[in-house]
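Student: Protein sequence lines, in the order shown, are assigned to chains A and B. With numbering that gives the first Met the number 0, you'll find the first sequence wraps up at 320, consecutive numbering, no jumps. With numbering that gives the first Met the number 0, you'll find the second sequence wraps up at 320, consecutive numbering, no jumps. By construction, the Cβ of each residue, glycine as well, lies at the ideal position given by its N, Cα and C atoms.
There are 2 protein chains.
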Amino acid sequence: MTGSQDQHVPGASPTVTVLAGGVGGAKLAQGLARCVEDLTVVVNTADDVELYGLAISPDLDTVMYTLAGVANPATGWGVIDETYEALGAMQRLGEPTWFTLGDRDLATHVLRTDRLRQGRPLSAVTAELAAALGVRARLLPMTDDRVATIVETPAGTLGFQEYFVARRHQDEVVGLTFDGIDAARPAPGVLAALADADVVVLAPSNPFVSIGPVLAVPGVRAALAGTRARRVGVSPIVAGDALKGPAADMLRGLGHEVSALGVARLYQGLLDVLCIDEQDRELAAPIEDLGIEVLVTQAVMQGPEDRERLARELLVAAGAA
Amino acid sequence: MTGSQDQHVPGASPTVTVLAGGVGGAKLAQGLARCVEDLTVVVNTADDVELYGLAISPDLDTVMYTLAGVANPATGWGVIDETYEALGAMQRLGEPTWFTLGDRDLATHVLRTDRLRQGRPLSAVTAELAAALGVRARLLPMTDDRVATIVETPAGTLGFQEYFVARRHQDEVVGLTFDGIDAARPAPGVLAALADADVVVLAPSNPFVSIGPVLAVPGVRAALAGTRARRVGVSPIVAGDALKGPAADMLRGLGHEVSALGVARLYQGLLDVLCIDEQDRELAAPIEDLGIEVLVTQAVMQGPEDRERLARELLVAAGAA
Chain A
0 MTGSQDQHVP
10 GASPTVTVLA
20 GGVGGAKLAQ
30 GLARCVEDLT
40 VVVNTADDVE
50 LYGLAISPDL
60 DTVMYTLAGV
70 ANPATGWGVI
80 DETYEALGAM
90 QRLGEPTWFT
100 LGDRDLATHV
110 LRTDRLRQGR
120 PLSAVTAELA
130 AALGVRARLL
140 PMTDDRVATI
150 VETPAGTLGF
160 QEYFVARRHQ
170 DEVVGLTFDG
180 IDAARPAPGV
190 LAALADADVV
200 VLAPSNPFVS
210 IGPVLAVPGV
220 RAALAGTRAR
230 RVGVSPIVAG
240 DALKGPAADM
250 LRGLGHEVSA
260 LGVARLYQGL
270 LDVLCIDEQD
280 RELAAPIEDL
290 GIEVLVTQAV
300 MQGPEDRERL
310 ARELLVAAGA
320 A
Chain B
0 MTGSQDQHVP
10 GASPTVTVLA
20 GGVGGAKLAQ
30 GLARCVEDLT
40 VVVNTADDVE
50 LYGLAISPDL
60 DTVMYTLAGV
70 ANPATGWGVI
80 DETYEALGAM
90 QRLGEPTWFT
100 LGDRDLATHV
110 LRTDRLRQGR
120 PLSAVTAELA
130 AALGVRARLL
140 PMTDDRVATI
150 VETPAGTLGF
160 QEYFVARRHQ
170 DEVVGLTFDG
180 IDAARPAPGV
190 LAALADADVV
200 VLAPSNPFVS
210 IGPVLAVPGV
220 RAALAGTRAR
230 RVGVSPIVAG
240 DALKGPAADM
250 LRGLGHEVSA
260 LGVARLYQGL
270 LDVLCIDEQD
280 RELAAPIEDL
290 GIEVLVTQAV
300 MQGPEDRERL
310 ARELLVAAGA
320 A
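1) To which residues of the same chain is A:Leu78 closer than 8 Å at the C-beta, ignoring the five residues directly before and after it?
2) Along the alpha helix (DSSP H) that carries B:Pro285, what are the first and last residues, could you check?
3) Does the pairing of the stretch 221-232 of chain B with the stretch 163-178 of chain B give three or more beta-carbon distances under 8 Å?
4) Between A:Gly188, A:Pro13 and A:Val40, which has its C-alpha nearest A:Ser209's C-alpha?
5) Between A:Val233 and A:Ala317, how many whole angstroms is the CB-CB distance? I'm expecting something under 8 Å.
6) Could you give the distance in angstroms between the alpha-carbon of A:Asp288 and the alpha-carbon of A:Leu313?
7) Give the residues of chain B in contact with A:Gly93, contact being defined as C-beta atoms less than 7 Å apart.
8) Counting contacts by CB-CB distance shorter than 8 Å, is A:Arg116 in contact with chain B?
9) Are the beta-carbon atoms belonging to A:Cys34 and A:Ala310 less than 8 Å from one another?
10) State the Cα-Cα distance for the pair A:Val22 and A:Ile55, rounded to the nearest angstrom.
11) Compare the C-alpha of A:Leu323 against each of A:Pro303, A:His255, A:Asp279 and A:Gly211 and name the closest.
12) Would you tell me roughly how many angstroms separate the C-alpha atoms of B:Leu190 and B:Pro140, rounded to the nearest one?
13) So if I threshold CB-CB distances at 8 Å, which residues from the stretch 35-54 of chain B count as touching chain A?
14) What do you get for B:Val272, buried or exposed, if any count of 16 or more other CB atoms within 10 angstroms of its CB means buried?
15) Of the choices A:Pro245, A:Ala319 and A:Pro185, whose alpha-carbon is the least far from that of A:Tyr162?
16) Would you say B:Ala96 reaches chain A, if we count a Cβ-Cβ gap shorter than 8 Å as a contact?
17) Is it buried or exposed for A:Gly30, if we count other Cβ within 10 angstroms and need 16 for buried?
18) Alpha carbon to alpha carbon, how far is A:Gly87 from A:Pro95?
19) Which of the three DSSP states is assigned to B:Arg240 in this structure?
20) Looking only at C-alpha atoms, which of A:Ala126, A:Pro153, A:Pro217 and A:Arg167 sits nearest to A:Val146?
21) If we cut at 8 Å on Cβ distances, does B:Thr61 have a partner in chain A?
22) Among A:Thr148, A:Asp144, A:Val164 and A:Arg167, which residue has its Cα nearest to the Cα of A:Ala182?
23) Anything in chain B within Cβ reach of A:Ala85, meaning under 8 Å, just list it in chain order.
24) With DSSP run on the structure shown, which of helix, strand or coil describes A:Ser3?
25) Alpha carbon to alpha carbon, what distance is there between B:Pro120 and B:Glu277?
26) On the CB-based measure, 16 or more other CB atoms within 10 Å of its CB, does B:Pro153 come out buried or exposed?
27) Verify the CB distance criterion: does A:Ala70 have a CB-CB separation below 8 Å to chain B?
28) For the beta strand (DSSP E) holding A:Glu156, just list the boundary residues, first then last.
29) With 16 other CB atoms within 10 Å as the buried threshold, where does A:Asp240 fall?
30) With a 10 Å radius around its C-beta and 16 neighbouring C-beta atoms as the bar for buried, classify B:Glu36 as buried or exposed.
Structural data, given as structure tokens:
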């Protein structure tokens, strides 16, 4: 390791690691990929699900497709110009089809499943698939071990995709567990990516079910707490609501303030800077009282160029651009 | 078992069992399905191949799709109005794509693979898939065990699909082996379907690589030789050439006469009646000299209605209609 990894030299491209879930994390990762040469994205896999015997990694695929430039711009997930003929055939064959699997997407799942069944780790398979799609950033699952988010609701215990997709995250969330997390080991490269980075970015992903599982992998939270990197987060809550998905409902259901301040409290000790939206400017002072610097800007990414704009502002706030 | 299964009562719908490969067998099976109520199709599985970890049974699927009325009429195999988006994605992911997998077809392979991996036998999985598609005939793989046709050519030893699809069956065939055949057991129902039938039909499929493996499953040849059913075959060779595929080349390469007479010799002792085309009328006498009755008719099925016409003529020749 050279000195440049201990202290970033202004002007050189910094080494950046992002912790990410799905769509929001993918967009910010794409913005960062346009700004820096050495980018690692550590992705939540606790949403992973097996359907029809296929190993499906929704967050990994969302990040991969986005970085490859083939994500569906309308949804943020799935593949652009996707078709659903296989899913229609599944339905005619009497199978449940609540999980939207596109035909192009299906190729990814079939290949991933085959390679995992050959005994290869998810991290190696992910690297191959991403490379085949021309992704230059390093894409790492948080772990090669199986972890599954279990959602406790008044309606009972649900698997994550059942809660999120099949029931459209309309159940109140009263508890979350990550099945398998205690035995999970960080995937090869994850801890080094945190230790060696100039900047670690916590993407505007759900703190509970996207960033939460990544931090819960044994060793990750300590690595983030102890890294010499500048740690910059982006609040997924703007003006009291989530940019996307059930983050606001989860904050509320689990007894937290539904605001960027609530997010800041969740990440206390793990962040040097939190980026909040201009609409939440009045939260800057109480967040700074937690010992977290605040970057007030337009935190909502509007389009592809805007991802790069936000990424660059984060790097500047981290002293790395 | 009632007496009606020992001797067919004219006027009642006969119990019919077909031994079949892919397209030709599927067409005739469809014709028979329109004529009789109790139809069993025993299908070659020695062509089965695993690609991308998917269990693919080309002949079973061709028969299933044809009987379900969803086969591609242009090719005889695959699904009508098929798309190939997943295959295109496979190619972009760096995978070989010489085997044409349609998106709708892919659903069949994914479900079959999943159910086989759960430890279920191919015969049970096939029955479920066929029932889901509305197939009323009983569709049986020749065996639940793995058998693989190996093709010896001057260019070396090839797997069947490699020979047939990837290399477009252009290599001379100098030998054939069915790997796993000695340990293979007939699938549940196969031997009973031969013993209990009023009529057994050998479809106009390739005698070597379609009907051959079925007959080579231990017990099947003896069951066919010993059945009280009338056994009626249709020559896949018309006017010295194959209706489809490499049957003519294989007869030649393996030292047989390339004619309906050559076919008759292969099936001697297993057939009561051989249906040959009007163009081959002069072969009727030498075939009868082998102890096989001859039905001379238009043996080539021209369209969907023509399949029923040929099926009905076969049943009449068998004394079952």
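Tutor: So, from the listed chains and residues:
1) Per the sequence shown, the amino acid found at residue 78 of chain A is Val instead of Leu. So the list reads Tyr64, Val69, Ala70, Asn71, Gly101, Arg103 and Asp104, once near-sequence residues are dropped.
2) Counting along the chain, B:Pro285 sits inside the alpha helix (DSSP H) bounded by residues Ala283 to Glu287.
3) By the Cβ rule, the stretch 221-232 of chain B does not count as touching the stretch 163-178 of chain B, because fewer than three pairs are nearer than 8 Å.
4) A:Val40
5) At roughly 12 Å, the Cβ-Cβ gap does not stay under 8 Å, so A:Val233 and A:Ala317 are not in contact.
6) 20 Å
7) Ala131
8) At a cut-off of 8 Å between beta-carbon atoms, A:Arg116 makes contact with chain B.
9) yes
10) 16 Å
11) Nothing can be reported for residue 323 of chain A, as the shown portion of chain A is limited to 0 through 320.
12) So the alpha carbons of these two residues sit roughly 12 Å apart.
13) Tyr51, Gly52 and Leu53
14) buried
15) A:Pro245
16) It should be noted that the sequence gives Thr, not Ala, for residue 96 of chain B. Cβ-Cβ to chain A under 8 Å: no for B:Thr96.
17) buried
18) 10 Å
19) As written in the sequence, residue 240 of chain B is Asp, which differs from the Arg given in the question. Looking at B:Asp240 - three-state DSSP - the assignment turns out to be strand.
20) A:Pro217
21) It does not: the Cβ of B:Thr61 has no partner Cβ on chain A nearer than 8 Å.
22) A:Asp144
23) Ala85, Asp102, Arg103, Leu105, Ala106 and Val109
24) A caution first: A:Ser3 carries a pLDDT of 41, below 50, which makes its placement in the model unreliable, though a value can still be read off. A:Ser3: helix per DSSP, three-state reduction.
25) Between B:Glu277 and B:Pro120, the alpha-carbon positions lie close to 42 Å from each other.
26) exposed
27) no
28) Strictly speaking, residue 156 of chain A in this sequence is Thr, with Glu absent from that position. Here the beta strand (DSSP E) through A:Thr156 covers Gly155 to Gly158.
29) exposed
30) exposed
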